[in-house]
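In full-length UniProt numbering, the protein residues as written are 1 to 366. Note sheet for the following structure.
Right, dumping it as structure tokens:
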């Protein structure tokens, strides 16, 4: 039996999506699986039979989830299903689990980018990740890059226990957009030409570089810059930069958006950018590619592995270089078509169905 922990489904962005999509596909192919969910997420998991839900009450924050996963959930599962294998979808699996454990590691950013995390966060994440890795029977890395990062920071002896399983992504480009669910300020962008990035506003996403590149490109009159995503750690620096450069009328911050708004923004943008310093995988470029949008992405971490030759890759450390490539792509319809066509081909490499099949194959090794 497999127990899949999906408590993060609506409490965390990328990992939450991973929990939901992977558990849904696993449920189609594995008849001996149960999924741990929050009571508040019951309606989201309607694909599950009642007897296959393990419903947890009172988990309304990340902190409560962390506590419950560490100190209550492992004992509950072992009492009910002592022979089950439990899949925890991140690197913070319970330290006291008596069941066999599979963990997914999305990135090791807290080790690689020390300047963008508080010291408390770094110490906590490193400690729990270290013990989770020691406990895990198998470790799923979401890219070859992440696999090598795990080995770099935690030892080459782990190599034989790590399986690389790429994420899927949500190709909703063919779906109709429910316009009544799209805010008016976002709908009004339909009449504008704009460059889009989809990202939480935090230091590792490198939004400051994108803003400086946009200003340096001298395309302010032709294109707006739309930054779609919620406020993360140290987001104030980005807002202060926009104000100091007097760009408040040219740069649009959407804050958190729903899926319909995300579809709308992808569909109507002219160019998509993603020049993050560090990603374990990076879903947004694939989502943009599914809409036939040309992409400019960072040439570091896992991003080149995910996009292949289907995006224009630039250094994330020099805004002038980013600006030059942005100008070239925005000015060349031929280049836009080349990258749009390559992107459509590239996305065929990734699906949640294949992610589930490969994950299930790992479970079957026990």
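In this text, a Cβ means the ideal position worked out from N, Cα and C, and glycines have one as well. Nothing here was measured: the structure is a model prediction, and the numbers come from that model.
{"Check": "Within 10 Å of its beta-carbon, does residue 289 have 16 or more other beta-carbons around it, so buried, or fewer, so exposed?", "Outcome": "buried"}
{"Check": "Who are residue 228's beta bridge partners in DSSP?", "Outcome": "198 and 255"}
{"Check": "Taking the alpha-carbon of residue 41 as reference, which of 32, 20 and 349 has the nearest alpha-carbon?", "Outcome": "20"}
{"Check": "Restricting to runs no shorter than 3 residues, where is the beta strand (DSSP E) found entirely within the stretch 34-73?", "Outcome": "53-56"}
{"Check": "Looking only at its own chain, which residues have a Cβ that is under 7 Å from the Cβ of residue 328, when we skip the five neighbours before and after it?", "Outcome": "335"}
{"Check": "Compare the Cα-Cα distances from residue 54 to each of 257, 5 and 276 and report the closest residue.", "Outcome": "5"}
{"Check": "May I ask which residues mark the beginning and end of the beta strand (DSSP E) holding residue 272?", "Outcome": "271-274"}
{"Check": "Using only the alpha-carbon positions, how far apart do residue 330 and residue 257 sit?", "Outcome": "25 Å"}
{"Check": "For residue 106, does the three-state DSSP call read helix, strand or coil?", "Outcome": "coil"}
{"Check": "Let me know the secondary structure DSSP gives residue 96 once reduced to three states.", "Outcome": "coil"}
{"Check": "Rounded to whole angstroms, what's the CA-CA distance from residue 120 to residue 109? Just pull it up for me.", "Outcome": "14 Å"}
{"Check": "DSSP beta-bridge partners for residue 214?", "Outcome": "Paired residues: none, contrary to the question."}
{"Check": "Between the Cα of residue 206 and those of 192, 195, 92 and 235, spot the shortest distance and give me the residue it belongs to.", "Outcome": "235"}
{"Check": "Assuming contact is defined by CB atoms lying nearer than 9 Å, are residue 295 and residue 166 in contact in what I supplied?", "Outcome": "no"}
{"Check": "Please tell me whether residue 293 and residue 272 are closer than 9 Å, where the distance is taken between their beta carbons.", "Outcome": "yes"}
{"Check": "When burial is assigned at 16 or more other CB atoms within 10 Å of the CB, is residue 62 buried or exposed?", "Outcome": "exposed"}
{"Check": "Taking only the alpha-carbon atoms, compute the straight-line gap between residue 14 and residue 97 and give it to the nearest angstrom.", "Outcome": "25 Å"}
{"Check": "With distance defined between alpha-carbon atoms, name the residue in 310, 220, 321 and 130 nearest to residue 342.", "Outcome": "310"}
{"Check": "So what does DSSP say about residue 90, is it helix, strand or coil?", "Outcome": "coil"}
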